[in-house]
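Note that the protein sequences, when read in sequence, are chains A and B. Using our numbering, the first residue of the first sequence is number 8, and each one after it goes up by one. Using our numbering, the first residue of the second sequence is number 181, and each one after it goes up by one. No residue lacks a Cβ here, since even glycine has one placed at the ideal position from N, Cα and C. Predicted model, so just to flag it, every value in this text is computed and none were measured.
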Amino acid sequence: MSIARRIVTLAGVVCLTVTTWAAASDPIVIGVPTGLSGANSTVAPAVVQSSELAVAEINESGGILGRQVRLEIADDGSGASGAQRAFDDLIINRNADVIISMETSAARNAGIPIVERNQVPYIYTSLYEGRSCSPYLFANGAVPEQMVGPIIDYFIDEKASKRFFLVGSDYAFGRGMLEFTRNYIEERGGEVVAEEYQPMNATDWTSIISQMRRNKPDAVIMSTAGGAPNVTLQRQYKAAGMQALVGNLSVDELTAQSMGADAEGIYISASYLTAIESDANTRFLERMETYFGSELLTPNDLSVPQYDAIYLYKAAVEMAGTTDTDAVIEALAKVSFDGPRGTVQMSAQRHAPLTMHLGRVQGDGSVEVVQIFKNVDPGEQCPTT
Amino acid sequence: MLYLFLDIITTAAILFIVSSGLLIIFGVMKIINFAHGVFLTIGGYSSLVVTHFDWNPWFSMPLAFVVGCLLGSVIERTVLRFLYHRPLDAILATWGLGIVLGQLIIIGFGREVQFAAGPVSGAMELFGDFYSKYRLLLIIFSVLVAGAMWLLLKGTRIGLQTRAVIMNEPLARGLGINSSRVRLITFSFGAGLACLAGAFITPLSSVDPNMGLPWLVSAFMLVLVSGNSFLALASACIVLGGAQVLASTYISPVIGGLTLAVLAALLLRIRPKGFAYD
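Encoded structure:
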């Protein structure tokens, strides 16, 4: 064995010893890859705020298993290539014990192989198109089975809509969501007059709006990437003087606010709205207010599940008694958390039954609750794995 | 049918506005200004600043133009002036500048997508249906830009000198035209136009550090097929922009996004001069 080799080996052994020794007292690291740039960037800062509040609260009350919790944030650029860098960086360089994140579906799909390779639990906190299955992946946001029904039923039953125009961003979320929507509409006896897609970062919706004008639908169902595409589509839709009802499967309260008056009248289907009347929600909103003051971004359906998820992870680690991946994964399906959205438990094939709210956006960006659907089941998401 | 026609005309108008700054710089300096995309972005952020301070949205246009002119003149004097005998390096320098300016924007304004207010909003009634007011306004803007360019080039002394430099720079210099000054003015003006275009497109879309990039590609292709003639650029915008709208409407928006680049490449293969005719 050459001298150089020996030194390298020795250094390796020293490093290993140091890391093992440090593990017991080091903080638990929660990695949050999220879209600080790109389409999701309108909502990602709110996701970071939810995470910060949850971590601050947990640390104030003594951490998890006596260990403090540290948040590591990384920008995934709202897309696949950025997510690969962010996941690698968080897991390999920053030693994340768990990944908890609201991201685009493109970013999630890019991240799954990385969490599988490194065997890290991953809680996905965005609403999404459903059926993303991996032993390491848990989701506590809504899926089409929970979101589509309330809007379509309301449009058909209460507003007598018959002709639907579907428009979305051209990636897993847009396509998956609208495929489910199309089937649902057709089962209910409605007609889908067109189904159109644009690339995720498209900002010019002219040709699609012209098609809407020709097709004269009763209602338009939008399923773009959350954030910027929502805003550009809705603004141009309003600017074109279109009158059809709008149901949006990816807009949240914060994004609706950034659209101003253009958002008025949009119907959304959400597991969280600030208007939810419960003690847990009132307390949550008060704490957000005290913690962030004037910097506070409106908590919304994309950011609040992130708060829930961090507490769900805490409960799972406490039940397992360790941050060991296999034990945590086993516990994650069993634990529940009473949060602003009510009791959330990822017990249905690693997905969560949720109470859904049909909301209507008002002129000032706030959302009025039209109907409430208790404990909607996510259906068959991952029956085999 | 009317709406299809309006879509084509408004799309051509946007493309013309976005490409004209690139064309004037290419015409005089024989370099493709790859910082064009970031100039568009800076125009967008000028609108954002106007929105932030709650000024009248109309003000964002002159502001963007002035910011662009100042920035353009600084860049010409400090960087490009030294690279005129090395055109390839000059292209590379504009590319690098684009990256540097892009990063400065991120430091100053953050990476996130933001929104600026537009001067007009809503739709107006046209033959019983509605069409976006702002898109109609863009037709007027593009005609104004084209008219101003034409007046400057044909009606002023500096325009005459610019045309002389475009046609034959050594000869123009021999006649006592200060071509260095012409270059300075052209680059500032081209940068100003690019920023102005950024302010024009902002009410239709969102403001983010990469907003200029997709436009840079379209503008680049259009300038390649137009040589250095504004008339050729206008026809290229109508033909290729029209093809893009038709493909988006009748095939799919994804195919539509490719149309402009693919057609421009094909055209250059068949007719290297593109839309230029002299």
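- Taken atom to atom, the span from the alpha-carbon of A/T329 to that of A/V335 is near 7 Å.
- When secondary structure is reduced to three states using DSSP, A/F172 falls in the strand class.
- Under DSSP, B/M304 forms a beta bridge with B/Y311.
- For a cut-off of 8 Å, the C-beta gap from B/S312 to A/A246 is around 4 Å, short enough to register as a contact.
- For the set A/F180, A/Q378 and A/L309, the Cα lying nearest the Cα of A/A113 is the one of A/F180.
- Around the C-beta of A/V174, 16 or more other C-beta atoms lie within 10 Å, and the residue is accordingly described as buried.
- Assigned with DSSP and collapsed to three states, B/V362 falls in helix.
- For A/V238, the enclosing alpha helix (DSSP H) stretches over residues A235 to A246.
- Closest in C-alpha terms to A/R92, from the list A/I317, A/L261, A/V39 and A/E202, comes A/V39.
- Interface flag for B/D234 against chain A is unset, since no Cβ pair is found closer than 8 Å.
- A/G42 and A/L60 have their C-alpha atoms some 19 Å from each other.
- For B/L184, the neighbours in chain A by C-beta distance under 8 Å run, in chain order, S217.
- Residue range L393 to L404 is occupied by the alpha helix (DSSP H) that includes B/M401.
- The secondary-structure analysis by DSSP pairs A/M363 across a beta bridge with A/F380.
- Annotation: A/M207 is outside any alpha helix (DSSP H) and is labelled neither H nor E by DSSP.
- Each residue's CA atom was taken as its position, placing A/E203 and B/F310 some 21 Å apart.
- Taking the CA atoms as reference points, B/P452 sits about 33 Å from B/A379.
- When Cβ-Cβ separations below 8 Å define contact, A/A247 makes contact with chain B.
- Here A/I99 has N125 as same chain residues with Cβ atoms under 8 Å from its own Cβ, once five neighbours each way along the sequence are excluded.
- Minimum Cα-Cα distance from A/V311 among the listed residues A/Q369, A/G148 and A/E64 corresponds to A/G148.
- Membership of A/M229 in the beta strand (DSSP E) is indicated by the continuous run A226 to S230.
- Contact annotation, A/D95 with A/V36: C-beta distance approximately 15 Å; criterion of less than 8 Å not satisfied.
- By the neighbour-count criterion, in which 16 or more other beta carbons inside 10 Å mark a residue as buried, A/E325 falls on the exposed side.
- Closest in C-alpha terms to A/S230, from the list A/G248, A/Y244, A/N255 and A/Q243, comes A/N255.
- For a cut-off of 8 Å, the C-beta gap from B/G436 to A/S285 is around 47 Å, too long to register as a contact.
- For A/L78, the enclosing beta strand (DSSP E) begins and ends at V76 to D82.
- A/R77 and A/S58 have their C-alpha atoms some 10 Å from each other.
- Rounded to whole angstroms, the gap between the alpha carbons of B/G454 and B/I418 is 14 Å.
- Of the candidates B/D187, B/T429, B/L203 and B/V387, the residue whose Cα lies closest to the Cα of B/Y314 is B/D187.
- Close CB contacts of A/M249 within its chain, under the 8 Å cut and outside five residues either way in sequence, are with I216, M219, R220 and V227 (chain order).
- In summary, the residues of the segment 165 to 186 of chain A whose CB is separated from some CB of chain B by less than 9 Å are D177, in the order they occur in the chain.
- Any Cβ of chain B closer than 8 Å to the Cβ of A/L43 would place that residue at the interface, and such an atom is present.
- Taking the Cα of A/N382 as reference, the smallest distance to any Cα among A/T239, A/S354 and A/C389 is reached at A/S354.
- For the segment 420 to 439 of chain B, the beta-carbon criterion of a distance under 8 Å to any beta-carbon of chain A is satisfied by V425, S428, T429, S432, P433, V434, G436 and G437.
- For B/G276, the enclosing alpha helix (DSSP H) has its first and last residue at P267 to F289.
- Annotation for A/H364: A277, L280, V376 and I379 place their beta carbon closer than 6 Å to its own, counting only its chain and skipping 5 residues before and after.
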